[in-house]
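Data first, discussion second: the structure below is written as structure tokens.
There are 2 protein chains.
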Amino acid sequence: MADTDAPRGYARGRERREAILKAANEVFAARGFRGASLATIAERVGLSEPGLLHHFRSKDELLLEVLKLREQHDYDRVEDAMGDTAPYLDALLDLARDNEANPGLTRLFAILGAEAVDADHPAHEWFRERYRTLRGFVTEHMEEAQERGEIAAGLDARVIATQVLAVWDGLQLQWLLDPDEVDLATAFEDYLAGLSAR
Amino acid sequence: MADTDAPRGYARGRERREAILKAANEVFAARGFRGASLATIAERVGLSEPGLLHHFRSKDELLLEVLKLREQHDYDRVEDAMGDTAPYLDALLDLARDNEANPGLTRLFAILGAEAVDADHPAHEWFRERYRTLRGFVTEHMEEAQERGEIAAGLDARVIATQVLAVWDGLQLQWLLDPDEVDLATAFEDYLAGLSAR
DNA sequence: CCTACCGATCGGTAGG
DNA sequence: CCTACCGATCGGTAGG
Numbered sequence: 229m230a231d232t233d234a235p236r237g238y239a240r241g242r243e244r245r246e247a248i249l250k251a252a253n254e255v256f257a258a259r260g261f262r263g264a265s266l267a268t269i270a271e272r273v274g275l276s277e278p279g280l281l282h283h284f285r286s287k288d289e290l291l292l293e294v295l296k297l298r299e300q301h302d303y304d305r306v307e308d309a310m311g312d313t314a315p316y317l318d319a320l321l322d323l324a325r326d327n328e329a330n331p332g333l334t335r336l337f338a339i340l341g342a343e344a345v346d347a348d349h350p351a352h353e354w355f356r357e358r359y360r361t362l363r364g365f366v367t368e369h370m371e372e373a374q375e376r377g378e379i380a381a382g383l384d385a386r387v388i389a390t391q392v393l394a395v396w397d398g399l400q401l402q403w404l405l406d407p408d409e410v411d412l413a414t415a416f417e418d419y420l421a422g423l424s425a426r
Numbered sequence: 229m230a231d232t233d234a235p236r237g238y239a240r241g242r243e244r245r246e247a248i249l250k251a252a253n254e255v256f257a258a259r260g261f262r263g264a265s266l267a268t269i270a271e272r273v274g275l276s277e278p279g280l281l282h283h284f285r286s287k288d289e290l291l292l293e294v295l296k297l298r299e300q301h302d303y304d305r306v307e308d309a310m311g312d313t314a315p316y317l318d319a320l321l322d323l324a325r326d327n328e329a330n331p332g333l334t335r336l337f338a339i340l341g342a343e344a345v346d347a348d349h350p351a352h353e354w355f356r357e358r359y360r361t362l363r364g365f366v367t368e369h370m371e372e373a374q375e376r377g378e379i380a381a382g383l384d385a386r387v388i389a390t391q392v393l394a395v396w397d398g399l400q401l402q403w404l405l406d407p408d409e410v411d412l413a414t415a416f417e418d419y420l421a422g423l424s425a426r
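Note that the protein sequences, when read in sequence, are chains A and B. The first sequence maps to residues 229 to 426 in my numbering. The second sequence maps to residues 229 to 426 in my numbering.
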């Protein structure tokens, strides 16, 4: 008879992977990739470094897995918040409120994205591709929002998309540095209001 | 008689300090504070690590001196570009064009600012204070711009100031990651045009 | 401003 | 031939 507390088959390994990804997420979000050590992450999940490296072959691979996981998470939430009929700008605002309630998620992309500006950074290509995809994604939604009259039709959708992502990142930086002085959701709402008022 | 190639008095030390600050600027801009090593900086100016630490007592001190120097540089340029009569929005656009021609300067603040989101980072307080000062500074100029009719009077100057800084940082991030896809000055100009068109 | 080092920690790998 | 690790240690480098 198997011990009921011990997961059978590969379940144990899957749980370990999830625990490592969670810990790595937190440490990368706090200290960046270069400031984070595998030892710190391993310690948090009660493993040795070699134990951790059994599940992820290198620090680079661990980073990319964390990014992939969080990105999917964000996409899912935007899809949820949008539905078929809800205005896109409202969905974005919902996401901003969500981020305000969950700083850890915000910090991960804010810190790693800036670090990845360096062409030698292991996530450099990943972030470049991410922004290309995001600009395309938001551009499409802006075109639809224009067709529905949510925002003025005279504006270039791609210009707006680039701008929306910039305001998004820039506000998060100011908010992360000084949460008492900057209200993320309200500031983002002010920007979106400007888009529809034009 | 002194060797004509060797600066007399304290001149040599001043030159060394300047060379170190320049090298530190470049290395911090490329790799962040935590990713940069004193050894790399020392090597660039032909010094040993202890030699470097004769001029700056610690890595932390070196970082703060670099930041102070670059910040003053930026302020001076804004003042120059503004004069008494030139519109403030035009001065900002000039600065954006300047940054586009000089990525190193832009990278320094983009990478270090995000890294400094961590409360344990040696420049955390410095960056928080920097953004408080900048928000106040830009707010004042926006109020003046409203009085002159450059931008619509109905907008809250502080909200606009926060937004301008956000777009500024966010666009620089996208541009640094992918300079072929994002035109910094043009994208910023588009945003400013939206402000005056309202 | 040097050589010569320190306590510690880095990412990653060995055999078992 | 698989998984999930272990204690010990590799060669180098960190800030000081």
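Every residue gets a Cβ at the ideal spot worked out from N, C-alpha and C, and that includes glycine.
Would residue i and residue j be called neighbours here (beta carbons separated by less than 8 Å)?
i: ALA247 of chain B; j: LEU336 of chain B; result: no
i: ALA413 of chain A; j: GLY398 of chain B; result: no
i: VAL387 of chain B; j: ASP418 of chain A; result: yes
i: PRO260 of chain A; j: ARG358 of chain B; result: Before going on, a small fix: residue 260 of chain A reads as Gly here, not Pro. No, these two residues do not count as a Cβ contact at 8 Å.
i: GLU271 of chain A; j: PHE284 of chain A; result: no
i: PRO355 of chain A; j: LEU405 of chain B; result: Note on identity: in this sequence residue 355 of chain A is Phe, with Pro being the wrong assignment. In contact: PHE355 of chain A and LEU405 of chain B (Cβ atoms closer than 8 Å).
i: ILE339 of chain A; j: VAL345 of chain B; result: yes
i: THR367 of chain B; j: ALA415 of chain A; result: no
i: LEU420 of chain A; j: LEU320 of chain A; result: yes
i: SER424 of chain A; j: LEU275 of chain A; result: no
i: LEU297 of chain A; j: ALA342 of chain B; result: no
i: GLU472 of chain B; j: ARG360 of chain A; result: Residue coverage of chain B in this structure runs from 229 to 426, which leaves residue 472 of chain B outside it and unanswerable.
i: ALA381 of chain B; j: MET370 of chain B; result: no
Closer than 7 Å by beta-carbon distance: list the chain A residues that pair up with residue i, in chain order.
i: PHE355 of chain B; result: LEU405
Could you list which residues in chain B have their beta carbon closer than 8 Å to that of residue i, in chain order?
i: THR390 of chain A; result: LEU399, GLN402, VAL410, ALA415
i: LEU393 of chain A; result: GLY398, GLN402
i: VAL387 of chain A; result: ALA415, ASP418
i: ALA251 of chain A; result: Neighbours of ALA251 of chain A on chain B: none; closest Cβ ~17 Å, over 8 Å.
Strictly below 8 Å CB to CB, what residues from chain A border residue i?
i: VAL345 of chain B; result: ARG335, ALA338, ILE339, LEU401, LEU404, LEU405
i: ARG360 of chain B; result: ASP406, GLU409
i: ASP381 of chain B; result: Note that residue 381 of chain B corresponds to Ala in the displayed sequence, not to Asp. Ordered by position in chain A, no residue passes the 8 Å Cβ test against ALA381 of chain B, which lies about 14 Å from the chain.
i: ALA351 of chain B; result: Residues of chain A passing the Cβ test: none, with the nearest at roughly 10 Å.
Can you name the residues of chain B whose CB is closer than 7 Å to the CB of residue i?
i: ALA247 of chain A; result: What ALA247 of chain A touches in chain B: nothing, since even the nearest Cβ is about 23 Å away.
Interface residues of chain A around residue i at Cβ under 9 Å?
i: ALA373 of chain B; result: None at all; the shortest Cβ gap to chain A is about 16 Å.
When you check each C-beta in the region 258-279 of chain B against every C-beta of chain A, which residues fall closer than 8 Å?
In summary, the residues of the region 258-279 of chain B whose CB is separated from some CB of chain A by less than 8 Å are ALA258, ARG259, GLY260, ARG262, GLY263, in the order they occur in the chain.
Are there three or more Cβ pairs, one per stretch, closer than 8 Å when the region 363-378 of chain B is compared with the region 327-341 of chain A?
The region 363-378 of chain B is not in contact with the region 327-341 of chain A.
Would you list, in chain order, the members of the region 312-340 of chain B that have their beta-carbon closer than 8 Å to a beta-carbon of chain A?
For the region 312-340 of chain B, the residues whose beta carbon sits under 8 Å from a beta carbon of chain A are, in order, ARG335, ALA338, ILE339.
Say whether the region 263-279 of chain A touches the region 296-310 of chain A, bearing in mind that this needs 3 or more beta-carbon pairs closer than 8 Å, one atom from each stretch.
No: the two stretches stay apart, fewer than three of their Cβ pairs being nearer than 8 Å.
Hey, is the region 282-293 of chain B in contact with the region 348-364 of chain B, meaning 3+ C-beta pairs nearer than 8 Å?
In the pairwise beta carbon analysis, the region 282-293 of chain B is classified as touching the region 348-364 of chain B: at least three pairs are separated by under 8 Å.
Could you name each continuous alpha helix (DSSP H) segment of 4 residues or more that falls completely within the region 262-344 of chain B, going from the start of the chain to the end?
Segments of the alpha helix (DSSP H) lying fully in the region 262-344 of chain B: 266-272, 277-283, 287-310, 316-329, 331-343.
Starting from the N-terminal side, write out each stretch of the alpha helix (DSSP H) that is 4 residues or longer and does not extend beyond the region 329-417 of chain A.
Runs of alpha helix (DSSP H) with 4 or more residues, each lying fully within the region 329-417 of chain A, are found at 331-343, 352-375, 385-405, listed in chain order.
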